Every structure is written in structure tokens, then in C-alpha cells.
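One structure below.
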Amino acid sequence: MIRIAIANQKGGVGKTTTAINLATGLAATGLRVLLVDLDPQGNASTGLGIGRTQRDQSSYELLMGGCALDEAVIRTAVPKLDLIPATQDLSGAEIELIDYEERTHRLQRVLDEAQPGRWDICLIDCPPSLGLLTINALVAAQSLLVPLQCEFFALEGLSQLLQTVDRIRGRFNPDLSIMGVALTMYDRRNRLTDQVADDVRACLGDLVFSTVIPRNVRLSEAPSHGMPALIYDIRCSGSEAYMRLARELIARLPRQEVAA
Ligand code: ADP
Ligand code: MG
Numbered sequence: 001m002i003r004i005a006i007a008n009q010k011g012g013v014g015k016t017t018t019a020i021n022l023a024t025g026l027a028a029t030g031l032r033v034l035l036v037d038l039d040p041q042g043n044a045s046t047g048l049g050i051g052r053t054q055r056d057q058s059s060y061e062l063l064m065g066g067c068a069l070d071e072a073v074i075r076t077a078v079p080k081l082d083l084i085p086a087t088q089d090l091s092g093a094e095i096e097l098i099d100y101e102e103r104t105h106r107l108q109r110v111l112d113e114a115q116p117g118r119w120d121i122c123l124i125d126c127p128p129s130l131g132l133l134t135i136n137a138l139v140a141a142q143s144l145l146v147p148l149q150c151e152f153f154a155l156e157g158l159s160q161l162l163q164t165v166d167r168i169r170g171r172f173n174p175d176l177s178i179m180g181v182a183l184t185m186y187d188r189r190n191r192l193t194d195q196v197a198d199d200v201r202a203c204l205g206d207l208v209f210s211t212v213i214p215r216n217v218r219l220s221e222a223p224s225h226g227m228p229a230l231i232y233d234i235r236c237s238g239s240e241a242y243m244r245l246a247r248e249l250i251a252r253l254p255r256q257e258v259a260a
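Counted from 1, the sequence shown has number 235 at position 235 by the UniProt record's numbering; the numbering is strictly sequential.
The following block contains the structure:
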């Protein structure tokens, strides 16, 4: 199972939208997908229709050693897509984990428990910070996917994230790779977003996925219906883009990781 962290310490850049719809797109190609909601806001859980009362065991209990992996996994309405939900308890984890041994490796240990072959791919939706939760995700992951909003300060935040990646490589996870940068909320009619997209490509080259996620109202409506946009409106431009991104990501995976 290849594990991919979806991270960017900025809020509102499209991490959760990408996590939900990329997970759904990957599942639609036949891969078995596990999505880990690692944000105390629990938006990925809500967006997949998993209400608060259904989140008995969550990523919080898992990290704190309060339950086993299987107990926290919920099947979603999307075929082949399972979820480990998040609750607000998780906001305490950053502090509570400080007293734990190997506090940076909690998620890795938990995911190592997964039965071999149960899932092909695991996506981890990170909170908007570079705190202990995101560090757990970057330690547990083989690879990182960065959603980058097409706006003026996009690159500035990115250098901080890349520094963190370097530090994680140096201390904990030397093989952590960058799967790619996905440009989100692209608006063709806005010259600034065009300019930002060009600058990011000039700076990062092939690291940037060719698929660009457009600004699309269907993507923002879907979570209030508790479904991925790819189910809510499979034909909208946002859904089509996430389906393309899923295929592009599969093409970037090391061959031995995904047999399906
Ligand atoms: P993050 O997880 O990085 O905080 P979200 O995925 O929650 O970001 O997105 C922030 C807000 O922007 C949400 O209301 C979401 O519905 C909306 N949004 C995200 N991507 C798009 C898009 N491509 N087009 C329109 N709205 C989007
Ligand atoms: Mg989010």
C-alpha cells in the first residue's frame, strides 16, 4: 500500500477537496483506497457523508493507542473507498502526543498494522499547519502531494513546506518523495491565476501535474450533500479534472506498488 500525504500548511487551498475527489477517482479506476482524515475539523469525513455520530473510533483514538486500525475504518458509500474519520478530539492530540514515546511515528505504526493487500493506496488529509499531525503524516507517507492554490503567495508558503520535507527526510524518512504539486482553483478568466500557474511551472517544472483543477462551484457544493463531486455531478469540470488527476497520479506511481 503506497501512502500519500496531502499537505500544505495553508488553509483553504483545496487539500480536503483533493483528498475526497482524488480518493474517489482512484477508487473508480478499481484501486482499493483508504482515506485518513487527520484534520480535527473532520471535513473529509463530513464530505464523505460520515456524520459525527458515526465516528465512534477515529484517527484520534488510533494515534493515542486507544483502538486498533480495523475498529476505526468505516466503509463509505463510494465502492472501494474506506475512511478513518476525524473528530475534534484530534485538536488535543498535538499537545497530548508530546508525552508519548515516538510521537512522530504514531501514524506510521498504525498503518503498518494494515493487512497486506487490503488497500492499494492510502491518502492522508492533513490539517493546515506543520505541527505534529502533519509530521506524523509525512513520516508515515512514502510521498507527498501538495495542492497549491493559484494565488499570489502560493510559492512563498511552498518553500516553508519544502524545508519541512527536507527536515523530515534528514531525521525520519529519507525516502520521502514529492509525488507532485496540483494547482487548484484555477480560473481561466483571471490573469493573475494564469500568471501564478506559469510561475509555479517555471519554478517546479515536471513536479507540477499537468492536470489543473479549475475553480468550480460543484466542487464546493458537493460536501454539503455528503458526497464527493465525482458522485454528486460526475460531468462537472471539477469532477473531470479530478478524474484526470487520478490517472496522472497512477502513472507516477512506482510500478510494483500498484498491481491493479
Ligand atoms: P483545505 O482542506 O486546504 O482547507 P478545502 O478543500 O476545504 O481546503 O477548500 C477550501 C474551500 O474552497 C472549501 O469551501 C471548498 O469547497 C472550496 N474549494 C476547494 N477547491 C475548490 C475548487 N476547485 N473550486 C471551487 N471551490 C473549491
Ligand atoms: Mg481541509
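Yeah, the Cβ is synthetic: ideal placement off N, Cα and C, and Gly gets one too. Keep in mind it's a predicted model, so treat the numbers as computed, not measured.
Starting from the Cα of residue i, find the closest Cα among the options and give me that residue.
i	options	result
P79	G117, L230, M64	L230
L253	A93, G12, Q142	Q142
F153	G42, T211, Q9	Q9
P174	V217, K15, L144, G51	L144
R189	L107, N216, E94	N216
L34	A114, V200, T46	A114
M1	G42, V73, G117, V13	G117
L228	G47, G42, R32	Note that residue 228 is Pro in the sequence shown, not Leu. Here the closest residue by C-alpha is G47.
P128	G42, E240, R235	G42
L130	E151, W119, R167, Q108	R167
I178	Q195, R191, D206	D206
residue 275	E248, T53, D37, D199	Residue 275 cannot be examined here, being either before or after the span of the chain that is shown, 1 to 260.
Are the CB atoms of residue i and residue j nearer to each other than 8 Å?
i	j	result
C126	A23	no
I121	A140	no
V208	G238	no
L26	A246	yes
A182	T18	yes
L138	L176	yes
I98	S59	no
L63	L69	no
T184	G14	yes
R171	N136	no
In whole angstroms, what separates the C-alpha of residue i from that of residue j?
i	j	result
A197	R244	18 Å
R75	R169	33 Å
I4	L90	20 Å
Q163	G30	35 Å
A259	P40	In this prediction, A259 scores a pLDDT of 49, lower than 50, which makes its location untrustworthy; no coordinate-derived value is stated.
L219	A44	13 Å
A222	G49	10 Å
T211	G226	25 Å
L133	A93	8 Å
residue 264	T104	Outside the shown range of the chain (1 to 260) lies residue 264, about which nothing can therefore be said.
D233	Q149	22 Å
A86	G11	17 Å
P147	S159	14 Å
E240	I213	9 Å
For the beta strand (DSSP E) that residue i lies in, which residues bound it at each end?
i	result
D125	121-125
A72	First-last for A72: 69-72, but that is the alpha helix (DSSP H), not the beta strand (DSSP E).
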